[in-house]
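Novice: Can you keep this structure in mind? I'll have questions shortly.
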Amino acid sequence: MNPQELRALCLSFNAAVEDFPFSPVVSVFKVLGKMFALSWLDARPLKVNLKCDPEDAIRLRTDHPGLIIPGYHMNKRHWNTVTVDGELPDRLIRELVEDSYDLVVAGLPRAERLRLDRP
1093 MNPQELRALC LSFNAAVEDF PFSPVVSVFK VLGKMFALSW LDARPLKVNL
1143 KCDPEDAIRL RTDHPGLIIP GYHMNKRHWN TVTVDGELPD RLIRELVEDS
1193 YDLVVAGLPR AERLRLDRP
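In the working numbering, the protein residues as written are 1093 to 1211.
Below, the structure written as structure tokens:
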């Protein structure tokens, strides 16, 4: 997966937007103002911070040492940094991005979740 594909994936979710609150080179992907992914899209290797269920986070780090690590500059219990350089299957990366989005949406107030369900 390349940077353009990662950006397109993150923006493919309902109400997802790209923002640059930290610097012009750090893409932050949000849903209704809440971050679900963060990446330096021009970094090599390409990496992305993703929200993760704490138990899944530990399992993923164990299953993919060096490729999935505790979230860089994030709450290490809830965030992982995932290396997107071709060693992990694209299918897994897509699942992790989708899981991150879903976790953030699940934490939104009910009224906002319902707004996302409307076409």
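Where a beta carbon is used, it is the ideal one built from N, C-alpha and C, also for glycine.
These numbers were taken from a predicted model, which means no experiment stands behind them.
Determine, using beta-carbon pairs with one atom in the segment 1152–1160 and one in the segment 1107–1124, whether at least three such pairs fall under 8 Å.
Specialist: Verdict: no, contact absent.
Novice: How big is the Cα-Cα spacing for Leu1142 and Ser1192?
Specialist: As a working mapping, residue 1142 is identified with position 50 in the sequence shown. As a working mapping, residue 1192 is identified with position 100 in the sequence shown. Rounded to the nearest angstrom, the two C-alpha atoms are 6 Å apart.
Novice: Roughly how many whole angstroms lie between the Cα atoms of Asn1106 and Glu1190?
Specialist: As a first step, residue 1106 is located in the sequence shown; it is residue number 14 there, counting from the start. As a first step, residue 1190 is located in the sequence shown; it is residue number 98 there, counting from the start. Here the alpha carbon of Asn1106 sits roughly 11 Å from the alpha carbon of Glu1190.
Novice: Alpha carbon to alpha carbon, what distance is there between Phe1114 and Asp1194?
Specialist: Your numbering for residue 1194 matches position 102 in the sequence shown. Your numbering for residue 1114 matches position 22 in the sequence shown. Straight-line Cα distance between these residues: approximately 23 Å.
Novice: DSSP on Glu1248, reduced to helix/strand/coil?
Specialist: Since the first residue shown for the chain is 1093 and the last is 1211, residue 1248 is missing from the structure and cannot be characterised.
Novice: What residues match up with Trp1171 in a beta bridge as DSSP calls it?
Specialist: What you label residue 1171 is simply residue 79 of the sequence shown in a count that begins at 1. Lys1143.
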